[in-house]
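As numbered in the working numbering, the sequence shown has no gaps in its residue numbers, which increase by one up to the final residue, 1082.
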Amino acid sequence: LRLETWLRRSLEKNEMFLNYQPQVEIDTGRLIGVEALVRWNHPELGLVPPARFIPLAEDSGFISQLGEWVLAQACRQMVLWQEAGLVVPKIAVNLSVRQFERGTIVFTVGDILRRTGLEPHRLQLEVTESLIMNTGDALQYINGLHALGVSLAIDDFGTGYSSLAYLKQMPVQTLKIDRSFIKDIHADANDEAIAIAIIQLGKSMNLAVIAEGVETDEQAAFLLRHGCNQAQGYFYSRPVMPDDLLQRWRP
Ligand code: G
Ligand code: G
Ligand code: MN
Ligand code: NA
């Protein structure tokens, strides 16, 4: 069978699951949120990386269904953690550009929030610069999502191209510095300059800035020194199963 055929059946066969990567306040080590990351456990191929199946899901249109499942599962998990004694302040969920194309994204997100009972302000949606720039009605949808009370983050910030004038109009709360800029932050003067510029941009536009792909103590210290107090990356934790998160962070 073709991978795409398998993919279409993955949800009914319960092969999809979510991992959650902690987002941490650097100076206190406090848990400030998690990012939900989808995983596909294929019966024959084993774990298929999202880099392989997300593009396929996007091309085949399956991403709408998958994206809805991810959103609902992520919101349900927040309620489950809370019932188990861990209040995770917020959950970030990745949205693909294709999920905006049917024009129903605002309704879908609102419906999932109602069904799961998660407070809207605890859901953050991650969009990319290209989604914002290439979707005709992006501003309308983003305003609609904002009106629901969810927050928005720009993922992989700095790798796409976004007009800063456009950014100014968007009700966005968070910039995520792409991990490619963090990787060699000590060795590469350009990466260092870019990271500092994004932190400054965030400050002057009153946006939160979180660094992705933080793998070392030195990277975290650098960020803190330059005014970025939020990070996500292997230095803190890999993406983990819900129970692992509970074990580590429940008070
Ligand atoms: O762990 P990592 O390999 O999870 O993720 C690789 C890529 O897959 C990242 O760019 C991430 O944004 C994307 N991704 C992970 N989960 C989802 C999801 O639920 N929806 C979408 N659209 N992309 C996702
Ligand atoms: O594009 P997005 O930011 O959504 O993708 C998140 C991806 O980054 C996931 O594949 C996740 O597993 C990966 N990731 C998270 N933390 C680290 C890290 O510290 N180092 C590296 N190399 N990858 C990371
Ligand atoms: Mn992301
Ligand atoms: Na990213």
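Even glycine gets a Cβ: it sits at the ideal position worked out from N, Cα and C.
None of these values were measured; they are calculated from a predicted model.
Starting from residue i, trace the alpha helix (DSSP H) in both directions and tell me its first and last residue.
{"i": "A903", "result": "I894 to E914"}
{"i": "N1021", "result": "A1020 to S1035"}
{"i": "E846", "result": "Taken as a continuous stretch (DSSP letters only), E846 belongs to no alpha helix (DSSP H), as it is neither H nor E."}
{"i": "I857", "result": "Neither: I857 is in no alpha helix (DSSP H) and is coded neither H nor E."}
{"i": "I885", "result": "P881 to S891"}
Span of the beta strand (DSSP E) holding residue i?
{"i": "T959", "result": "L954 to T959"}
{"i": "H977", "result": "First-last for H977: A969 to L979, but that is the alpha helix (DSSP H), not the beta strand (DSSP E)."}
{"i": "L868", "result": "L862 to H873"}
{"i": "V937", "result": "Premise fails: V937 lies in the alpha helix (DSSP H), I936 to T947, not in any beta strand (DSSP E)."}
{"i": "T1005", "result": "T1005 to I1008"}
{"i": "D986", "result": "S982 to F988"}
{"i": "V1040", "result": "A1039 to A1042"}
Would you decide whether residue i is buried or exposed? Buried here means 16 or more other CB atoms lie within 10 Å of its CB.
{"i": "Q930", "result": "buried"}
{"i": "S1035", "result": "exposed"}
{"i": "F988", "result": "buried"}
{"i": "Y1086", "result": "The chain is shown from 832 up to 1082; residue 1086 falls before or after that span and cannot be answered."}
{"i": "D890", "result": "exposed"}
{"i": "A1026", "result": "buried"}
What does a CB cutoff of less than 8 Å around residue i pick up in its chain, not counting 5 residues either side in sequence?
{"i": "L979", "result": "V937, V940, G941, L944 and P951"}
{"i": "F1066", "result": "V1045, E1046, T1047, D1048, Q1050 and A1051"}
Report all residues from its chain with a CB closer than 7 Å to the CB of residue i; omit the five preceding and five following residues, and keep chain order.
{"i": "L887", "result": "L834, E835 and L838"}
{"i": "I1029", "result": "F988, G989, L1006, I1008 and V1040"}
{"i": "V879", "result": "W871 and H873"}
Please go through the same chain and pick out, in chain order, the residues whose beta-carbon is closer than 6 Å to the beta-carbon of residue i, but skip the five residues on each side of it.
{"i": "Q866", "result": "Here residue 866 is Glu; the residue named in the question, Gln, does not match the sequence. Hits under 6 Å: Q852 and A923."}
{"i": "I863", "result": "Q854, E856 and P920"}
Which residues count as close to ligand 3 when the rule is a CB under 5 Å from any of its heavy atoms, in chain order? N925, E957 and D986
Are the region 847-860 and the region 891-905 touching by the rule of at least three beta carbon pairs closer than 8 Å? yes
Taking contact to mean at least 3 C-beta pairs separated by less than 8 Å, is the region 931-942 in contact with the region 950-970? Segments in contact, yes.
For the structure I just gave you, are there three or more beta carbon pairs, one from the region 946-964 and one from the region 917-925, closer than 8 Å? yes
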